[in-house]
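Just so you know, full-length UniProt numbering puts 135 at position 135 of the sequence shown, and the rest follows in order with no gaps. Where a beta carbon is used, it is the ideal one built from N, C-alpha and C, also for glycine.
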Amino acid sequence: MSEFDKFAENYNESLRNSLALTRTSDKYQAEYKVRLLKNLLVRGAAKSRATTHPTILDFGCGVGLSLPYLLEQFPGSKIFATDVSEVSLEIVRAELPQVTIINSALNAAEKFDVILMSTVLHHITSSARVEILENLRANLKPDGCLVVIEHNTYNPLTRRIVSNCPMDVDAELISMRDIKKLLSRDCGFKIRETGYCSFFPEPLKALTKLDPILKKIPLGGQYFVVATP
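Right, dumping it as structure tokens:
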């Protein structure tokens, strides 16, 4: 049994309560990240690695908040999902039968064009990160990419939200600088693109068009790292 099983039934409510300070909904946040992923694949450093219908793995999918938007933004793609919480995966199976659920202990024969790891790494203990990331690298196609989205350790509002979230009680936040070292030095990835994101709450979503201009400024609520094997 995973420690996250106990949060599965009330996951969305817990997340909404944590985000209340920013007046941002859990669904908006999930959609924002998927749109960011698509922009990175279409226009960013990973664009040459995107296929017409990429196979995408949502690693650490939770109860599947991002999955409807992955299906929407990547029509015709095969979408896979995995999580350590079996209770969460049962919710995904019931609500999104078009998504393929796979075991979190990935088979090396399973290869993906894109692996999305959205706000997952801070839930993994520092001692376990290298092994998991090396396994993910082995599950990427030669021209595939890993996209990591994490909380910005320099943003005080983000730190406050994390500290008030029951699901993050044991979280170990990691900075962009440290994750770049972890991916490149310890796990053999090549860093292709980085940037800060989530600058504006949902009521100011019209301003998200400024995100590409602001991505080098470490004030966003989160950041992204695109890496290739």
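Beta-carbon separation (whole angstroms), residue i vs residue j, contact threshold 8 Å
{"i": "GLY64", "j": "LEU96", "result": "6 Å"}
{"i": "VAL120", "j": "LEU40", "result": "The Cβ separation is near 17 Å, so there is no contact."}
For residue i, the nearest candidate out of the options (CA to CA)
{"i": "THR55", "options": "LEU140, PRO68, PHE200", "result": "LEU140"}
{"i": "LEU136", "options": "CYS187, VAL34, TYR69", "result": "CYS187"}
{"i": "ILE149", "options": "GLU193, LEU106, ASP143, ASN164", "result": "GLU193"}
{"i": "MET176", "options": "ILE191, ASP170, ALA109", "result": "ILE191"}
{"i": "ALA108", "options": "ILE132, HIS122, THR125", "result": "ILE132"}
{"i": "GLU134", "options": "TYR69, LYS27, ASN152, PHE189", "result": "PHE189"}
{"i": "ASN155", "options": "VAL226, LEU173, ASP83", "result": "LEU173"}
Range of the contiguous beta strand (DSSP E) that encloses residue i
{"i": "GLN222", "result": "222-228"}
{"i": "VAL35", "result": "Checking the sequence, you will find Arg at residue 35 rather than Val. Segment 26-43 is the alpha helix (DSSP H) holding ARG35; no beta strand (DSSP E) there."}
{"i": "ILE57", "result": "Per the sequence shown, the amino acid found at residue 57 is Leu instead of Ile. 56-59 is the extent of the beta strand (DSSP E) around LEU57."}
Residue burial classification, residue i (beta-carbon count within 10 angstroms, cutoff 16)
{"i": "ARG129", "result": "buried"}
{"i": "LYS216", "result": "exposed"}
{"i": "TYR11", "result": "With a pLDDT of 47 at TYR11, under the threshold of 50, the modelled position of that residue is not reliable, and the figure given next carries that caveat. Answer is buried; the Cβ neighbour count reaches 16."}
{"i": "LEU210", "result": "exposed"}
{"i": "GLN222", "result": "buried"}
{"i": "ALA94", "result": "exposed"}
{"i": "GLN98", "result": "exposed"}
{"i": "ASP178", "result": "exposed"}
{"i": "HIS151", "result": "buried"}
{"i": "VAL42", "result": "exposed"}
Per DSSP, the bridge partner or partners of residue i
{"i": "ASP83", "result": "Paired residues: none, contrary to the question."}
{"i": "CYS187", "result": "According to DSSP, which records beta bridges pairwise, CYS187 is partnered with nothing at all."}
{"i": "GLY195", "result": "PHE224"}
{"i": "SER77", "result": "DSSP lists no partner for SER77."}
Range of the contiguous alpha helix (DSSP H) that encloses residue i
{"i": "TYR154", "result": "Run containing TYR154: none; DSSP gives neither H nor E here."}
{"i": "VAL63", "result": "Counting along the chain, VAL63 falls outside any alpha helix (DSSP H), and DSSP gives it neither H nor E."}
{"i": "ASP211", "result": "211-214"}
{"i": "VAL130", "result": "126-138"}
{"i": "ILE179", "result": "176-181"}
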